[in-house]
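What follows is a short report on a single structure.
In my numbering, the protein residues as written are 52 to 302.
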C-alpha cells in the first residue's frame, strides 16, 4: 500500500508519500480501506516529535479515518463492506489502517467520508472534556480557548445543543466567525484580557474553562472559574515555541 510517512521530525517537507507494508489483521482490530483521513493539530506535533508517545521515525501519522471495512475480525459487529469512521492512534495517513473495534462506528448513509473523518478527534475530545470531565449542565457557562479551531468549533456546537452560555477566545479578525459559530461572548485575546471580560459578565466566575494552550493561559484561566469550577486542559500548543516541560500533566 501507499502512505504518507514521517521519515524524520521536522517541517511539512519531512512527509513522504511512499510504499509501506500493509497492516495485518489482529484480534480486536478491523482492516479499513481508507477513503478520507482527518488532519489535526496533534498531527503537527507528531511531525515535530512533540506529541506524547510519538513513535521514532519512520512512522505513519494520523488519528482518525473514514472508509470501508476490508477485513473484519470475528464477532466484532462489523462485516466487509461496512462504511465506518474510526480512531487509529497513528497510522491514519495510509490506504489501509488497522482500527480497534472499540474505536469504530458505523457511518450514516447521508454522511460523506470527508465529513466523517473530521468528527472523532474534535468532537469526542470536546464531548469528553465538557460532559465526562466537566459535568456541565444546562445553563452553565464555559470559556473555550481557541474557539475558532477544530475542537473549539466542536465544543461550541455541543455547548449550544446543551443550552450553555459560551465565552470564546480567538485572534484578531475571527470574532465574526465565533458569533456565527454560536459563541455568545467572542473575545479577541490580542486586544482584551479574557479574565476581565469573563469577570465583568460573570462576577462570581464560570463553571468551566477548556484550555488547549497552556503556559500563561493556564494560570490565568484559574481566575475565571467560580467555586467548584473546572479547568480542563486538553492540549499544549505553547509547546511548539517553548522548551519547557510539556508532559507534567497527563489525563
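All residues carry an ideal CB built from backbone N, CA and C; glycine is no exception. None of the values given here were measured: they were computed from a predicted structure.
Helix, strand or coil at residue i according to DSSP, with G and I counted as helix
i	result
residue 54	strand
residue 299	No answer about residue 299 holds up, because its pLDDT of 43 lies below 50 and its placement is not dependable.
residue 218	strand
residue 236	strand
residue 69	strand
residue 129	coil
residue 157	strand
residue 98	helix
Extent of the continuous alpha helix (DSSP H) to which residue i belongs
i	result
residue 163	First-last for residue 163: undefined, no H or E at that position.
residue 303	This structure cannot speak to residue 303, because the chain is shown only from 52 to 302.
residue 270	267 to 272
Short Cβ contact (8 Å threshold) for residue i with residue j
i	j	result
residue 279	residue 195	no
residue 337	residue 83	This structure gives no information on residue 337, because the portion of the chain shown stretches from 52 to 302.
residue 258	residue 171	no
residue 240	residue 222	yes
residue 197	residue 220	yes
residue 173	residue 205	yes
Assigned exposure category for residue i - 16 Cβ within 10 Å defines buried
i	result
residue 134	buried
residue 56	buried
residue 301	Low local confidence applies: a pLDDT of 45 at residue 301 is under 50, so the model's placement there is unreliable, with the coordinate-based value given in what follows. Flag for residue 301 reads exposed.
residue 252	exposed
residue 299	Here the model assigns residue 299 a pLDDT of 43, short of 50, so the residue's position is not dependable and the matter cannot be decided.
residue 91	buried
residue 230	exposed
residue 130	exposed
residue 107	exposed
residue 142	buried
First and last residue of the uninterrupted beta strand (DSSP E) at residue i
i	result
residue 117	115 to 122
residue 260	257 to 262
- May I ask you to verify whether the region 210 to 218 touches the region 184 to 198, counting CB pairs closer than 8 Å and requiring at least 3? yes
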